[in-house]
Every structure is written in structure tokens, then in C-alpha cells.
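Count along the sequence shown from 1, then add 9; that gives the number in my numbering. We treat Cβ as the ideally placed atom computed from N, Cα and C, and that holds for glycine. These notes are about the structure you will find just below.
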Amino acid sequence: MRAVAPGRVNLIGDHTDYTGGLVFPMAIDRFTTIEFERSHEPLIRLRSHDEPNEAIVQLPSSGEGRGWARYIAAVARECDSKNGITGEISTTIPIGSGLSSSAALEVATLLALGFTGSASELAQTARRAEHRATGVPTGIMDQLCIASAREGHAMLIDCASLAIEHVALPPETRVIVQFIANRTLEGSQYSQRVQQCAVAENLIGALRLANPESLEKINDPTIRARARHVITENQRVREFLRALRQNDLHGAGRLMKQSHESLAVDYEVSTSVMNEAVAKLQKTPGVFGARMTGGGFGGCVVALCESGAKVDGWRVSAARAAHLA
Ligand code: ADP
Ligand code: MG
Numbered sequence: 010m011r012a013v014a015p016g017r018v019n020l021i022g023d024h025t026d027y028t029g030g031l032v033f034p035m036a037i038d039r040f041t042t043i044e045f046e047r048s049h050e051p052l053i054r055l056r057s058h059d060e061p062n063e064a065i066v067q068l069p070s071s072g073e074g075r076g077w078a079r080y081i082a083a084v085a086r087e088c089d090s091k092n093g094i095t096g097e098i099s100t101t102i103p104i105g106s107g108l109s110s111s112a113a114l115e116v117a118t119l120l121a122l123g124f125t126g127s128a129s130e131l132a133q134t135a136r137r138a139e140h141r142a143t144g145v146p147t148g149i150m151d152q153l154c155i156a157s158a159r160e161g162h163a164m165l166i167d168c169a170s171l172a173i174e175h176v177a178l179p180p181e182t183r184v185i186v187q188f189i190a191n192r193t194l195e196g197s198q199y200s201q202r203v204q205q206c207a208v209a210e211n212l213i214g215a216l217r218l219a220n221p222e223s224l225e226k227i228n229d230p231t232i233r234a235r236a237r238h239v240i241t242e243n244q245r246v247r248e249f250l251r252a253l254r255q256n257d258l259h260g261a262g263r264l265m266k267q268s269h270e271s272l273a274v275d276y277e278v279s280t281s282v283m284n285e286a287v288a289k290l291q292k293t294p295g296v297f298g299a300r301m302t303g304g305g306f307g308g309c310v311v312a313l314c315e316s317g318a319k320v321d322g323w324r325v326s327a328a329r330a331a332h333l334a
């Protein structure tokens, strides 16, 4: 059997998911595939083409493992897997570059282990596994996108209610991804940003419900800037959806540009190399807009372009959700 899970790229709405805000990702046509056989032995044995060591997890899983095996152990623990599998993993998602190879691995492993819940339960279980494996309190965007995507569509996700709206991308557009640098969120300032949002929420309430005027109640300039990013980013996601619906692609592109500036200046999760790549893309003919994508501190940038535009990078298409094949 085979479990297949796509990667994802986020078009707009970064660092909004963990405060229950809005995000607008799409699954991409790069995949992690597990070719596997189920067994009645309480043992998981997986090889990955990208790792020298096999992941071996005795069931029931303690949830702990070394290197990449910690993701497998965490997934097995979260779904309380009883029956083992033996298999081989390959991926066309570049690992550690912000296109969510980790969530694809978690979701594909859950499917291979026979997870039978809804897409939302699949995503929440995978997210808990990611927290267990990495200790980084990431939001639900990656796993929910990968578990629920529809071919040809991006998706608006409300990360509070987990409601999803699938949105067809205008046929005259292309999405281009440029790889900038490998990164890991472990040891990055990601967790600090999550804490800073919690501080802001203690002062002004839920950021997803707050309006820009309430920022005046935050005295600390750093916390105020972090909150400003989240509040304005949620607003930009709403406006982005509206712009796409009206086929106002230049408007959508301007929102991507503003999103990048907010992530770079107010949220301080971009890098100079990413800023340069985005600036260059924004000057390229046929590019509506560009921004960093994902958690930041490296990773990738994404551009929304005219279909005929000559832009360096990977052209990605909106892929369907993870599935067994
Ligand atoms: P991203 O999710 O952006 O690609 P992360 O740092 O979150 O980057 O996750 C990358 C980690 O996930 C890798 O270091 C590895 O431990 C694990 N991983 C992802 N895909 C695979 C794979 N195909 N085989 C083995 N490990 C993988
Ligand atoms: Mg990841």
C-alpha cells in the first residue's frame, strides 16, 4: 500500500495560526510517499531515502525517538498505534525548507498506521505529534492544509473554528516558489514569538478579534509590533480572498507585499536574503506580489505571477489532500 501526503506553501497569513487567526495556504504537487505493508507485529520499521538510519518503533510507542525517528515515535504515540508497518519513505518535498516536509511525514505516517478519523482529527493528531517531536508550539496550518486540500484550490482556514473554504485559484495565475535557505524552527525564535503573542493577548484579548486601535493599550514596543503584525495579517488574509474573488490580482499582490513587510519589520522573522529575493521578485515583470512563506528564519519565498511570466523557481500546482493509494 501507499500513503501519499503533499507539502504546502502559504500564500498569505503567517504566524496567525497559533492565535486562532486566518491563513491561506495550498497543498503543492510535491509529495512524501510511504510504500508500506501492515503487519500484526507491534513494530514500526521505516526507511527513508533521505536518512541513513532506519526508524524502529516498538509499540505501544513511548513517543520518544532519535533523529527523524522521533516524528514516527510521536505519531505512533498520538494515534496509539497497535499494529505495526514496514515500509520505505521517499519525498519530493525539499526537507527543512519551510514547505512542511515534517507535517507531510506525520500525516502520511498516520494514514499508513490506519488512522480513520476525519481530516480535522488527522490534522490535530499530526500537530500534537509535531509538538511532541520538536517541542515547538506550531499552529495547525500545515497539518490541516495537507489533510484537507483540494486539487486546483488554495484554502482559507479559520484556525479557531478549523472551518475551511476551498478557493479556486484564477486560471491565469501561477504560483512560484524559490528556495532560499534550510532552516529549523527548533532553537529558532519561533517559540518566543508564540509567547509574545500570549503576552499581547493578556493585555488586549484574543488577537484574532482585536482591532488596530487596541494596540495603543500595549506599551512595550516589541509586543505592540508583534500584535500589530498578527492583527493586520488577519485583515490582509480577508482582503486577499476578496481580491482573488474580484480577480484583482494586482490588489492580491500588494497584500502579499504588505504581508512580507509586516513579517520582516514588525514580526522580525525574515532574513536579509529573503528580503532581497522578495524585492527582486516584486520588480520582475509579470509578478503580482511576493513574500516569505512559512515560519521564516530561512525557508522559501512565494510569488503570485501571470501565467506567462518568466520567473526563476519552482512552479507549483495546488494538489489534493493526503490519501492512501
Ligand atoms: P519542514 O517541515 O519545513 O520541511 P522541519 O524542520 O519542520 O522542516 O522538518 C524537517 C524534519 O522532518 C527533518 O529534519 C526530518 O527529521 C523530518 N523529515 C521530514 N521529511 C522526512 C523524510 N522524508 N524522511 C525522513 N525524515 C523526514
Ligand atoms: Mg515543518
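Our contact map puts residue i next to residue j with C-beta atoms below 8 Å; I'd like the distance itself, whole angstroms only.
i	j	result
residue 217	residue 29	5 Å
residue 17	residue 154	4 Å
residue 1	residue 176	Residue 1 lies beyond the residue range present for the chain, which begins at 10 and ends at 334; the question has no answer from this structure.
residue 135	residue 119	6 Å
residue 21	residue 245	6 Å
residue 163	residue 331	Between residue 331 and residue 163 the Cβ distance is about 16 Å, and since that is not below 8 Å, they are no contact.
Just curious, the alpha helix (DSSP H) that residue i is in, first and last residue?
i	result
residue 211	199 to 213
residue 86	78 to 87
residue 230	230 to 254
residue 286	281 to 292
residue 1	Outside the shown range of the chain (10 to 334) lies residue 1, about which nothing can therefore be said.
Need the endpoints of the beta strand (DSSP E) that residue i sits in, please.
i	result
residue 1	Residue 1 lies beyond the residue range present for the chain, which begins at 10 and ends at 334; the question has no answer from this structure.
residue 49	From DSSP, residue 49 is part of no beta strand (DSSP E); its letter is neither H nor E.
residue 164	162 to 167
residue 145	Element bounds for residue 145: n/a, residue is neither H nor E.
residue 67	64 to 67
residue 175	172 to 177
residue 325	323 to 325
residue 301	296 to 302
residue 99	94 to 100
residue 312	308 to 315
residue 217	No beta strand (DSSP E) contains residue 217, which DSSP labels as neither H nor E.
Got a sec? Which residues, its chain only, sit under 8 Å from residue i by beta carbon, not counting five neighbours each side?
i	result
residue 329	15, 36, 158, 159, 160
residue 213	219, 223, 224, 226, 227, 236
residue 295	314, 315, 317, 318, 319, 320
residue 182	258, 297, 313, 314, 315, 316
residue 248	260, 264
residue 195	143, 144, 145
residue 91	51, 68, 69
residue 292	none
Return yes when the Cβ of residue j is within less than 7 Å of the Cβ of residue i, no when it is not.
i	j	result
residue 310	residue 299	yes
residue 3	residue 308	Nothing can be reported for residue 3, as the shown portion of the chain is limited to 10 through 334.
residue 115	residue 84	yes
residue 286	residue 185	no
residue 82	residue 76	no
residue 102	residue 39	yes
residue 156	residue 41	no
residue 256	residue 273	no
residue 79	residue 142	yes
residue 8	residue 138	Residue numbering for the chain in the displayed model covers 10 to 334; residue 8 lies beyond these limits and cannot be assessed.
residue 32	residue 173	no
residue 279	residue 241	no
residue 171	residue 200	no
Drop a sphere of 10 angstroms on the beta-carbon of residue i, count the other beta-carbons inside from all chains shown, and report buried for 16 or more, exposed for fewer.
i	result
residue 333	exposed
residue 125	exposed
residue 304	buried
residue 58	exposed
residue 202	buried
residue 100	buried
residue 364	The displayed coordinates of the chain run from 10 to 334. Any statement about residue 364 would go beyond what the structure contains.
residue 67	exposed
residue 288	exposed
residue 221	exposed
residue 211	exposed
residue 269	buried
residue 262	buried
residue 127	exposed
residue 229	exposed
residue 180	exposed
Using a Cβ-Cβ cutoff of less than 7 Å, which residues in the same chain neighbour residue i once the five nearest sequence positions on both sides are dropped?
i	result
residue 95	45, 46, 48, 54
residue 148	26, 27, 168
residue 50	93
residue 5	Because the chain spans 10 through 334 in this model, residue 5 falls outside it and cannot be assessed.
residue 89	69
residue 208	232
residue 267	245
residue 131	116, 119, 124, 156
residue 111	80, 139
Go through its chain and collect everything with a Cβ distance to residue i's Cβ below 6 Å, but skip five positions before and after it.
i	result
residue 109	16, 17, 151
residue 198	none
residue 4	Given that the chain is displayed from residue 10 to residue 334, the structure contains no residue 4 and the question cannot be resolved.
residue 43	12, 96, 98, 117, 121
residue 275	234, 237, 238
residue 56	63, 97
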